[in-house]
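One structure is given below, encoded as structure tokens.
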Amino acid sequence: MEKTFVIVKPDGVQRGLIGEIIARLERRGLKMSAAKFMQVSQELAETHYGIHKGKPFYEGLIKYITSAPVMAMVWEGPNAVAAVRQTMGATRPTEAAPGSVRHDFGLEVGRNITHASDSPENGELEIKLWFKPEELVEWGRANDEWIFE
Ligand code: IDP
Ligand code: MG
1 MEKTFVIVKP
11 DGVQRGLIGE
21 IIARLERRGL
31 KMSAAKFMQV
41 SQELAETHYG
51 IHKGKPFYEG
61 LIKYITSAPV
71 MAMVWEGPNA
81 VAAVRQTMGA
91 TRPTEAAPGS
101 VRHDFGLEVG
111 RNITHASDSP
121 ENGELEIKLW
131 FKPEELVEWG
141 RANDEWIFE
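Shown next, in the form of structure tokens:
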């Protein structure tokens, strides 16, 4: 089953949105595989956002993601990457679909509350970067067959 990597970023944590975001992913039918509440190091931030190095917002982005704790998670399900990106909404909150997390709770791109992997390949890379293999939990959910076809 496809897995994707999700972060409740420092603004989401500070604003008390961890539970709200987990609730939305659970309600959607996605299944949690791993989670940890953590402070992001400079090194991890730079590796995770390496693709954006050199862009005008890069320094601010590293400062933002290391500024306070985050909730890092892995979620599983059919088309988990696309499903979670949809639940989070477009990168810019003013372009995010109504009902999405970034629409419902955000205004500015530099305070857009969450991260979610943008492809299955990047999902795998990000999961490896943020979690040890033994931190991922394979479990059977009682109602899996009523959610996964
Ligand atoms: P994504 O998080 O929707 O995948 P990316 O384009 O990969 O969006 O950008 C990574 C993160 O960098 C965004 O979520 C946002 O926090 C930040 N970011 C992107 N563009 C800007 C910008 O123009 N100004 C400030 N921050 C930005
Ligand atoms: Mg991205």
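Numbering (this note's numbering), first residue to last: 1 to 149. Positions of the beta carbon are idealized from the N, C-alpha and C atoms, including for glycine.
Within the same chain, Pro-69 come within 6 angstroms of Gln-39 by CB-CB distance, once the 5 residues on both sides are set aside.
The Cβ neighbour count for His-52, taken over all protein chains shown within 10 Å, is under 16; the residue is labelled exposed. Note that the C-beta distance between Pro-120 and Glu-2 is below 9 angstroms.
One Cα belongs to Arg-24, the other to Thr-87, and the distance between them is close to 8 angstroms.
DSSP, reduced to helix, strand and coil, places Ile-127 within a helical segment of the structure shown. Boundaries for Ile-113: no beta strand (DSSP E) harbours it, and the DSSP string shows neither H nor E there.
Taking the Cβ of Lys-9 as the reference point, at least one heavy atom of the ligand IDP falls within a distance shorter than 8 angstroms. Excluding five sequence positions before and after Leu-107, the CB atoms of its chain that fall closer than 8 angstroms to its own CB belong to Pro-93 and Thr-94, given in chain order. A distance criterion of 8 angstroms places the beta-carbon of Ile-18 beyond contact range of the ligand IDP, judged by its closest non-hydrogen atom.
Contact holds between the stretch 126 to 141 and the stretch 29 to 47, because three or more Cβ pairs, one in each stretch, are under 8 angstroms apart.
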